[in-house]
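Heads up: the sequence shown is residues -27 to -1, 1 to 346, going by mature numbering (1 follows the signal peptide of the UniProt record, and there is no 0).
Where a beta carbon is used, it is the ideal one built from N, C-alpha and C, also for glycine.
Treat the numbers as computed from the prediction; the structure is a model and nothing was measured.
In what follows, a structure is listed as structure tokens, so that the remarks can point back to it.
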Amino acid sequence: MTAVPGKPIRRRAMLAGLAVASFAACAQPATTPAFAVQPGAADPLVRFRLTSDADAAQWARHLDLAVLQHDPQLLALSGGAEDGAFGAGALCGWSEHGDRPRFDIVTGVSSGALIAPFAFLGASHDPVLSAMFNTIDARDIMRFNGTTLLKNGALYDTTPLVRMIKAYTPPALIERIAARHRAGARLFVVTSHLETSQAVIWNMGEIAQAGWHNLFRAVIRASSALPGMFPAVTLKVGRGKAAQEETHVDGGVHMQFLAAPDAAFDLPPRKGSGGHAYLLINNTLQPARQRAAHSALGIAQQALTTMVRASAASSVNAARMLARRQRLGFSVASVAPDPDIVYDPDDRFSSSYMRALFKQGHDRALQDRLWAA
């Protein structure tokens, strides 16, 4: 299968629909320690999160509004599983080109959530991104285990990924994120809350400032938990008899990226005219022409791919409209179709595939060929 030209923008969507339906009854996701900040509140973690339908007043509690009035630099990183290598490469090449800004707001979904903390901290953390996508393969992320399927409702055990996230987010790094948060910058990561069927947007800087390192890492892991493929993450929220368990999976179940929350359209236009919004889409928005499938499964997958790609394009257009309304510059980048970059669905997280996508993103950014308006 030639992947980038004809690869589904959300290859995991088909697997998710089948696997979640089949395995949900026996799923018992790994549980993190109990968390509670405001036990008396409707949401004990309200300090750290909001839902995608939050109103402007709720968003205001999580933003430094003064920063948004002065030429803000915004970056949204989409999901894409191993295709996150493209976004990581783009950031590194952009730094080498010499005009990558320091971002005031960074958002990440799924694989974008793995990249987001390092994009948030700036070019000095590019070596981590390079190592993450150039030196690892599937063995560093997951391992097949038949008991995992029965116990956690997933095809793979992600113990290696858990270790990798912990290794890449030591206390010193989380403290640096907290310091940027105190200075007004914001880092958001999206998960999907299965019990409520809502997208949850986590204020990672606030979590970092509180020193809740386990929650910080659990959110990143949850956002990148491909449904049915990777185990869901269960958070125990509250304490004692009031504690409840929440099951969170890939933020990509709800959105490709976070750039235009509904509440933003209710805000009046900014007075200033500076600032810029950048969308890094870790997938192909404009695929190369491909033959139509003739099998029932093939037709269904192509139709689903087309539907999700259309949804992503619609989200890009919504973000573009919001940027214009708020007098922000706007740029979007996505994976370019390339017949030489071959995706094998039977070889997930292939090191050669990720290196090729990293190089595409890196070279396009370095050569100033990355962005479209």
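Nearest residue (CA-CA) to residue i, options the options
| i | options | result |
| --- | --- | --- |
| Gly157 | Asn176, Glu168, Tyr141 | Asn176 |
| Ile114 | Ile78, Leu87, Leu231, His154 | Leu87 |
| Asp239 | Asp16, Pro17, Gln31, Pro133 | Gln31 |
| Ile174 | Ser25, Asn256, Arg34, Ile180 | Ser25 |
| Ser304 | Val315, Gln182, Tyr316, Ala291 | Ala291 |
| Leu301 | Arg136, Leu252, His267, Gly334 | Leu252 |
| Phe161 | Ile180, His335, Pro144 | Ile180 |
| Ser284 | Phe117, His335, Thr257 | Thr257 |
| Ser51 | Val289, Arg297, Pro310, Asp336 | Val289 |
| Ala346 | Gly66, Arg297, Pro242, Gly57 | Arg297 |
| Asp336 | Leu38, Glu69, Arg136 | Glu69 |
| Ala104 | Pro318, Lys209, Tyr141, Asp341 | Tyr141 |
| Ser197 | Val82, Arg136, Pro133, Val210 | Val82 |
| Ile193 | Ala27, Asp320, Ser84, Ala215 | Ser84 |
| residue 348 | Val101, Ala309, Arg321 | No answer is possible for residue 348: it lies beyond the span of the chain, which begins at -27 and ends at 346. |
| Asp99 | Gly60, Gly211, Gly53 | Gly60 |
| Val206 | Arg155, Gly126, Ala29 | Gly126 |
| Gln182 | Val315, Ala145, Ser170 | Ala145 |
| Ala33 | Ala58, Ala237, Asp130, Thr131 | Ala237 |
| Ile254 | Val222, Thr80, Thr164 | Thr80 |
| Ser323 | Arg112, Val101, Gly53 | Arg112 |
| Ala27 | Pro234, Val315, Ser287 | Pro234 |
| residue 393 | Ile314, Trp67, Leu208 | This structure leaves residue 393 out entirely; the chain is present only between -27 and 346. |
| Ser170 | Val101, Leu128, Asp110, His221 | His221 |
Buried versus exposed, by CB contacts within 10 Å (16 or more), residue i
| i | result |
| --- | --- |
| Met294 | exposed |
| Gly247 | exposed |
| His166 | buried |
| Glu148 | exposed |
| Ala63 | buried |
| Ser307 | buried |
| Pro204 | buried |
| Pro200 | buried |
| Arg262 | exposed |
| Pro6 | For Pro6, the pLDDT reaches just 49, beneath the cut-off of 50, and the residue's location in the model is therefore unreliable, leaving the point undetermined. |
| residue 348 | The chain is shown from -27 up to 346; residue 348 falls before or after that span and cannot be answered. |
| Glu168 | exposed |
| Thr108 | exposed |
| Met327 | buried |
| Pro2 | Low confidence applies here, because Pro2 scores a pLDDT of 42, under 50, leaving its location unreliable; read the following figure in that light. Result: buried. |
| Gly184 | exposed |
| Glu218 | exposed |
| His267 | exposed |
| Gln259 | exposed |
| Leu71 | Per the sequence shown, the amino acid found at residue 71 is Gly instead of Leu. Exposed, by the Cβ-count rule. |
| Pro143 | exposed |
| Pro318 | exposed |
| Phe106 | buried |
| Pro90 | buried |
| Leu38 | exposed |
| Ala265 | exposed |
| Gln333 | buried |
| Leu330 | buried |
| Phe230 | buried |
| Arg22 | buried |
| Ala195 | buried |
| Asp130 | buried |
| Ala273 | exposed |
Cross-strand partners of residue i (DSSP beta bridge)
| i | result |
| --- | --- |
| Leu48 | Val79, Tyr251 |
| Phe117 | Tyr129 |
| Gly302 | His249 |
| Ser307 | Ile254 |
| Leu38 | The partner list for Leu38 (beta bridge, DSSP) is empty, contrary to what the question assumes. |
| Leu23 | Ile174 |
Residue i CB to nearest heavy atom of the ligand GTP below 7 Å
| i | result |
| --- | --- |
| Val192 | Looking for the ligand GTP in the displayed structure turns up nothing, as the structure carries no ligands at all. |
In chain order, which beta strand (DSSP E) runs of at least 3 residues are fully inside the segment 128 to 192? List check, beta strand (DSSP E) in window: 159 to 166, 171 to 176.
Please list the segments of the beta strand (DSSP E) lying wholly inside the segment 197 to 273, counting only runs of 3 or more residues, in order along the chain. 206 to 210, 217 to 223, 249 to 254
Alpha helix (DSSP H) runs contained entirely in the segment 314 to 346, provided each spans 4 or more residues: 324 to 339
Can we say the segment 42 to 62 touches the segment 236 to 256, given the rule of at least three CB pairs closer than 8 Å? yes
I want to know whether the segment 208 to 226 touches the segment 266 to 285 - three or more CB-CB distances under 8 Å. no
The segment 179 to 196 / the segment 18 to 27 touching (three or more Cβ pairs under 8 Å): yes
When you compare the segment 57 to 77 with the segment 89 to 98, are there three or more beta-carbon pairs, one atom per stretch, that lie closer than 8 Å? Judged by Cβ distances under 8 Å, the segment 57 to 77 makes contact with the segment 89 to 98, as three or more pairs qualify.
What beta strand (DSSP E) runs, 3 residues minimum, are completely inside the segment 56 to 105? 78 to 82
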